[in-house]
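Note sheet for the following structure.
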Amino acid sequence: MKSHLRPLVGLSSDLETGGDRRGEAFTAWRRFFEALAEQRPLVLVFDDLHWADDNLLDFVEHLVDWAGGVPMLVVCSTRPELFERRVGWAGGKRNATTLSLSPLSEEETARLISSLSERPVMPAETQQALLARAGGNPLYAEQYVRMLEERGEAEELPLPETVQGIIAARLDALPVEEKRQLQNAAVMGKVFWLGALTQIGGLDRRAAELHLHALERKDFVQRARRSSVADEAEYSFLHVLVRDVAYGQIPRGQRAEQHRLAAEWIASLGRPEDHSEMLAHHYQNTLEFRRAAGQAVDAPLAERARESLRDAGDRAFSLNAYASAATFYQSALKLAAAGGYEHARLLFLLGRTRHISGYPEPDLLTSACAELLACGDRETAAEAESMLAELSWFRGDQDHSFEHLSRARELVEKSEPSPIKAIVISNLSRNLLRAGEHAEAIRLGREAMEMAERLDLIEVRANALMSVGEARVHVGDLGGMLDLEQSVALAMEANAPWEICRTKTNLASVWWEQGQLERAYALVEDGAAAASRFGLKGAERWLRGERVADQYVLGQWQEALAGAESFLAEVEAGSRPRSACRCGTSARTRAHREGPSDALPGIGGGRPHLLRSWRRTAR
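Using the working numbering, you'd call the opening residue of the sequence shown number 301 and step up by one each time.
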């Protein structure tokens, strides 16, 4: 849990990359909130959720679906447009209630205006026009009352068509320095700091503070009780629309310089990993507005922008926000000179992110490998080759998988022991085990184990020991059973989700071969429960497939057939690992229950790619 919480507070994590780390992170964060709720009832509030990215929405959904047994209330406020992105949130979710707030009635709007206004009476015609124009929008009514208090008689005030129109009218009525201060604040975003405004506006702190005090009294901004930046007063706009209108009034030609100054202030705070996304945002805007204005972009500025985008990608990657990380890396890649090391490194980071997120682009990793080698970085190139080997294996291309792993091994052969070298050797051992080359699998597995032990890589030790143990059993050395049991213990000790699932499944496979069917089935169930607990969707799905085959052999044909059909329904869009095996289970079950003639149509109808795959498997 601690490893997944560390990146949230800007600390580096000791987690290895790979696998479904986002699912692990979601589970760790949920368990943290559950632990808080065990101490006393917990209320979590997510405001303006329509502004959230998909990663936050996914976590909120995970939290509500999986949290249980503790007093926890999750409250979300949002505009209706969120339901276009998350249709299921509009109602019908278990343990959830949706409350739709309809527009205020004219009577309710009138009461709101009366409660906000210091004036007891508003001319009837003006009030009626205001009620009609507001259309039940409380923000319109609120902003109009603020304008009325600031500017005098209601008869002389316009009735803008939109809330933004009222806000613009209020801004135009401000003293010049206060309006400029509000626009400088808008450059920072909804939340801003006093020090940033002195940097952007060139004012001394006392003058800036006086302007902010005046704006606070006029209900444009509010000061936070606690600041997220040490020794800096923090403020925020009372409503994001005020920020948007203020920003929209800044001449586009001025925005580039203001964003550059904002970035420089953020950089001056130190700990760039804490502020990487803000830095990337401001430097990227600086470049865009300079180009739009036909201004030159100097090399140092482009370099700072590229570095901030790469750092933002690293930060998002550490938080398992792979879509965001890929976007940052892609933007940084556009600013990197082709043929240089930074370009090669960014290609690799983007390819790795796509690979881990489940949307692999082999061409990215292939290009990255070639460029990294040209720049002399053999170790990172070996990591890319190792990923390509895994992709080839899951596509069923064993030959190319071995080619990639062999190249990876050659690249690290003469290098000093390192985590990448240990991982490459361990992966090669696992591939040799799959291919039936047990003696070589044992030799390389032991080599990886020794290196992992020296480098204190407990997860690599668990994987390597698993391969060694299974290979020993396959050559008749039952001492390998102890290796497999120890690999499970190591994975459990490290609390490493993927390794727990993998080692338990491999031990179950060997128990199965030894005739210990019930014991093996129980271990698969343990692995599936662990995958569910850790939020590993891929592992959970894989183990559901294993369960189907086990149920068939145990004579649980009804359960096996239902599980196989459910599994196949999920992969009809395209073959996935082990889909052919599930086709075989479905066919064998139908053959026993309905006769051989009914078996093939049961898996072939609508699934020709699976039928071809199963026939190859059967041969």
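No residue lacks a Cβ here, since even glycine has one placed at the ideal position from N, Cα and C.
As assigned by DSSP and simplified to three states, the class of residue i
i       : result
Cys-669 : helix
Cys-801 : helix
Ser-536 : strand
Phe-520 : coil
Val-848 : helix
Val-853 : helix
Gln-929 : Given that the chain is displayed from residue 301 to residue 919, the structure contains no residue 929 and the question cannot be resolved.
Asp-663 : helix
Lys-634 : helix
Glu-442 : helix
Ser-832 : helix
Ala-530 : coil
Phe-326 : helix
Asn-437 : coil
Arg-411 : helix
Ser-402 : coil
Asp-353 : coil
Asp-544 : helix
Leu-650 : helix
Asn-806 : helix
Gly-827 : helix
Ser-417 : coil
Glu-642 : helix
Thr-397 : coil
Ala-791 : helix
Ala-869 : helix
Val-364 : helix
Bridge-paired residues (DSSP) for residue i
i       : result
Gln-339 : Gln-339 pairs with nothing; no bridge assigned.
Phe-346 : Cys-376
Trp-565 : Answer is none; Trp-565 lacks a bridge partner.
Phe-492 : Tyr-535
C-alpha distance - residue i paired with residue j, whole-angstrom precision
i       : j       : result
Val-345 : Tyr-444 : 29 Å
Arg-819 : Gly-855 : 15 Å
Ala-829 : Val-788 : 15 Å
Val-810 : His-774 : 9 Å
Leu-778 : Leu-823 : 19 Å
Val-802 : Ala-605 : This sequence places Arg at residue 802; Val is not what is there. Each residue's alpha carbon lies about 41 Å from the other.
Val-712 : Gly-640 : 22 Å
Glu-408 : Glu-461 : 20 Å
Arg-394 : Ala-762 : 39 Å
Asp-519 : Leu-647 : 48 Å
Glu-450 : Val-374 : 38 Å
Ser-576 : Ala-849 : 48 Å
Ser-726 : Gly-827 : 21 Å
Asp-611 : Leu-569 : 16 Å
His-350 : Tyr-659 : 26 Å
Gly-323 : Thr-378 : 25 Å
Ser-608 : Ala-674 : 25 Å
Arg-506 : Glu-683 : 54 Å
Arg-543 : Ser-715 : 54 Å
Ala-496 : Lys-490 : 13 Å
Ser-400 : Ser-414 : 25 Å
Arg-844 : Ala-796 : 20 Å
Leu-911 : Gln-858 : Since pLDDT at Leu-911 reaches only 43, below the 50 mark, its modelled position is unreliable, and the value read off the structure follows with that caveat. Going by the C-alpha atoms only, they are around 21 Å apart.
Ala-681 : His-704 : 11 Å
Pro-551 : Leu-494 : 22 Å
Gly-863 : Ala-530 : 55 Å
Leu-382 : Gln-814 : 54 Å
Phe-628 : Ala-621 : 11 Å
Ala-771 : Ala-599 : 55 Å
Any non-hydrogen atom of the ligand ATP closer than 7 Å to residue i Cβ
i       : result
Asp-697 : Although the ligand ATP was asked about, the structure shown includes no ligands whatsoever.
Any 3 or more C-beta pairs closer than 8 Å across the region 462-470 and the region 480-499: no
Can you confirm whether the region 606-620 touches the region 660-670 when touching is taken to mean that 3 or more C-beta pairs between the two stretches lie within less than 8 Å? no
Is it the case that the region 558-569 contacts the region 578-593, given that we only count it when at least three CB pairs across the two stretches are under 8 Å? yes
Would you call the region 721-731 and the region 747-756 touching, i.e. three or more CB-CB distances under 8 Å? yes
Given 8 Å, three or more beta-carbon pairs between the region 320-340 and the region 351-367: yes
Where are the beta strand (DSSP E) runs, 3 residues long or more, that stay fully inside the region 460-511, in chain order? 491-493
Of all the alpha helix (DSSP H) runs that stay within the bounds of the region 681-763, which reach a length of 4 or more residues? 698-712, 719-734 and 738-755
For the region 538-556 against the region 486-503, are there 3 or more C-beta pairs whose distance is under 8 Å? yes
What residue ranges within the region 549-609 form continuous alpha helix (DSSP H) runs of no fewer than 4 residues, ordered along the chain? 552-567 and 576-592
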